[in-house]
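What follows is a short report on a single structure.
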Amino acid sequence: MVKNLAVMTSGGDSPGMNAAVRAVVRRALDRGIGVYGIYYGYEGLFQGSDRIRRLNWQDVDNVIQHGGTFLGTARSEHFKTVEGRRRAVENILDLGIEALVVIGGDGSLMGAHVLSTEWPEHVESVVAAHPGQYPPACEIPMLQVVGLPGSIDNDLSGTDMAIGVDSALNHIVRAIDDLSSTAASHQRTFVIETMGRNCGYLALAGTLATGASWMLIPEEGLELRWHQRMVETIDKAGKMGRPHRMVLVAEGARRPDGLVIESNEVRKILAERLGAEVRLTVLGHVQRGGPPTAFDRILSTRLGVAAVDLLLDEPDVIHRHMVGIRTNRVVATPLIEVVEKSREVHREIENGNFKKAVELRGKSFQSMLDLVNTLTGIGPGQESGEQGKVVIMTGGADSPGMNAALSIAARYLFNQGVQVIGSRDEFYGMIHGDFIDLDWNELIGWVGHPSSNIGTARSFVNEEDFGRIAENIRKSNIKGILAIGGWGTYLHIQRLMEKRDSFPEFNIPIMLIPATIDNNLPCTDFCIGSDTALNNIVEAVDKIRHTAGATRRAFIVETMGKECGFLAFMGALATGAEKAYLPEKGMSLAELNKDVVELRDGFECGKRMVIYMHNENASRHYTTDFLRRLLEEESKDEFEVRSVVLGHVQRGGFPTAFDRIIACRLAAEAARTLLRSMKDISSEVLVFGLSEGAIKSCPLSEAMEKMDCLHERPKVQWFLDLYPMAHSLAKSGPL
Ligand code: ADP
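Residue numbers (this note's numbering): 7 to 741.
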């Protein structure tokens, strides 16, 4: 059984590494294991001495919100040599470290694998060289190593996402949003270089999330006259009236001869052929910097905990594994397999086997690539309306990303010869015949717009309204409906279905896309808007943390979510808040009593700030205000208590990259299915969702069965599985 482990960050830094170290340290301490922090990666392991220090619970207080890595990182030439690794082994033996958790890219993971496989010979040699220095008890027969994927490029096999990717992608998306306004003012074309030496993930996802006009990535084999199609597309986009054109170039994109394409070369080609000024922006290291996103903090935390659990729960197995996330589940893969497969993609690219390279990147990479290729290749349909007419609506409270879904679905359908109109304010337009004509060019820009540009509402549909809806469907010759919204929208569609006998007009296919910040819908792990809301919460709590001054303070932060605790819980996990009060768990006096004791203990242990997240419906009586007054009374003037109701700030702002991407993927699939159903003259009503990493659909009736209708949340909620782990990390110290 491991008694001491060490954790390090190595190679290139990535946002979220601190959250991973925090999780490793706290999980280990909570499980009674000693933890060392190795400063400056393998170089620190080689140097030893004060580069390897014991870490305690408080050492990882207030680190979760910071970018970079407080342990520091480095590249070590010493460690690449056998002698260097032998010295590292001496340092490990001196401290009785039995397991190593390494957070880094493929080089760092390879280093961990090599060290672990060489371990017995190093130990033998070190012990022989220092007779009597190491009693047998100190000789560790095997060094266990567990890796965590840390790389903004997302070039590692064995995980769908690496630590830092989501933060980097959001930097890219924000930068392109910002460039768009200046580019539009001057009707300009911009070339934007993103990171990604061997992997085009950032440029690919960035293109999808911003509606960029063209992209160049390493995984796509370019034809000899690769510039021709690019120039033609950009030229056409300009002539069609697009106010700006963006071309994303991954730094590792290659020409057909295998040489890297310089982004400035792309700029020059476009400027010459278009006869216009083209600007270049190299995003560079800003992509690595800044605070990690909610996703990166949660991913790091889950993986850090999983690394420690793997070591302790399976003590008899030799661990040389990386823990990663696949289809929203933590999985362990042998380090050597991760490194070899990651490098295999690189080799396939070098050898010009692009199809194989894309296949190795995985299904979601492939589907994003297909989608980008479809979208960049399409224009408005030749004879709009040839395939019938579809109405799109956005319903319920507004949620960021609705416009992205609307834009993709409408453009996809337009391109296939379908006429698309928007129903103003969800069902209001359907009831009153108030439809909005959608414009192709405007739609492209909507991908990043907040809220819904056709209006959204919590509609009231009275019995007599159904006749009006039927009449408008008939009059406007509507052949299909695509609805983007929350539970209220699902219920309205259900009522339409129930009235099909009375109104045959309702016998048309209907596709539902889940969009609500509350993330309370069935058949999907994530609803459009929930990631943006979560990041809004995280940013607000980070700001609250900045106010930690001389006084000791407890904050109660109230989040939205109705009867679903997703935002409060994930917000707590991502900000390191001490506690989350959730409707699913309820609140009791006995629990509050315990919390008050823990709170006082926390301040006594030296905490300066404690944060409690409180879902708006966690309890009917123990409200945010009640909690504030309770804690104030119990503080005995030893600390201050404040409450913050985040309110509508949670809904606002530009959608995050993740919300845009799932919106695009869901919308494309829903639009494709709708078209097929229209052709088949089917009247199916399907709900779309992202579950187990894939876009899936199921009949609305099946989705209804999975819903706890009384509490308006799914009967099974995946995030609640993380609840025990969250508490073990956030309390004031190990029990
Ligand atoms: P990343 O982990 O981001 O891919 P590097 O490739 O630079 O970054 O690797 C980080 C460090 O890992 C290197 O500086 C080196 O010390 C160690 N390392 C990389 N490859 C090996 C190897 N094959 N054997 C031993 N150590 C290695």
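C-beta: ideal position from N, C-alpha, C; glycine also.
In terms of Cβ geometry, F575 and Y729 form a close pair [threshold 8 Å]. Residue environment: A539 is assigned as buried (16 or more neighbouring CB atoms within 10 Å of its CB, all protein chains considered). Annotated as distal: A489 and I460, with beta-carbon spacing of 8 Å or more.
Of the residues G491, R251, Y587, the one whose Cα lies closest to the Cα of V284 is R251. Measuring C-alpha to C-alpha distances from Y618 to each of H627, V345, A673, E604 identifies E604 as the nearest. Bridge partners of C704 according to DSSP: V693.
Per DSSP, the unbroken beta strand (DSSP E) holding L254 starts and ends at 251-256. In the three-state reduction of the DSSP assignment, V345 falls in the helix class, which pools H, G and I. Relative to the Cα of I437, the nearest Cα in the group H498, E104, P406, R626 belongs to H498. Its chain contains P520, G695, L696, S697 as the residues whose beta carbon lies nearer than 7 Å to that of T530, once the 5 sequence neighbours on both sides are disregarded; these appear in chain order.
Beyond the five residues adjoining it in sequence on each side, E675 comes within less than 8 Å, by CB distance, of F694, I701, S703 in the same chain, given in chain order.
W220: member of the beta strand (DSSP E) spanning 220-222, first to last residue. Within its own chain, the residues whose Cβ lies closer than 7 Å to the Cβ of F725, once the five positions on either side in sequence are excluded, are F572, F575, M576, listed in chain order. Look at S16: its beta carbon is less than 7 Å from one of the heavy atoms in the ligand ADP.
Here the distance from the Cβ of K86 to the nearest heavy atom of the ligand ADP is below 7 Å. G402 sits close to T495, with the two beta carbons spaced by under 8 Å. Across the structure, H552 and I158 are spaced so that their CA atoms are roughly 26 Å apart. Shown here, P528 sits in coil according to DSSP, grouped into three states, outside any helix or strand. A distance criterion of 7 Å places the beta-carbon of R81 in contact range of the ligand ADP, judged by its closest non-hydrogen atom. Relative to V107, the option among V8, I687, D166 whose CA is nearest is V8.
In this structure, I267 is the residue among H192, I267, R248, P249 with its C-alpha nearest to the C-alpha of E257.
Boundaries of the alpha helix (DSSP H) harbouring A25: 23-36, taken from the DSSP string. Closest by C-alpha distance to P147, out of V323, Q53, V197, is V323. Taking 8 Å as the cut-off, the beta carbon of R279 is found closer than this to the beta carbon of V237. Proximity of the beta carbon of M116 to the ligand ADP is indicated: a heavy atom of the ligand is located closer than 7 Å.
Looking only at M23, I475, A312, the smallest Cα-Cα distance to F76 is reached by M23.
M615 has R559 as its beta-bridge partners, per DSSP. Between the stretch 293-313 and the stretch 213-223 there are fewer than three C-beta pairs closer than 8 Å, too few to call the two in contact.
Within the DSSP secondary-structure output, V266 pairs in a beta bridge with R260. Contact between the stretch 379-386 and the stretch 473-485 is absent, with fewer than three C-beta pairs closer than 8 Å. For S157, the CB falls within less than 7 Å of some heavy atom of the ligand ADP. For R559 and E610, the gap between their C-alpha atoms comes out near 12 Å. Inclusion of V397 and I355 in the CB contact set at 8 Å is not warranted, their separation being larger than that value.
In the DSSP annotation of this structure, the continuous segment of the alpha helix (DSSP H) that includes N447 starts and ends at 446-451. A Cβ-Cβ contact shorter than 8 Å links I667 with A211.
Taken atom to atom, the span from the alpha-carbon of E511 to that of N483 is near 9 Å.
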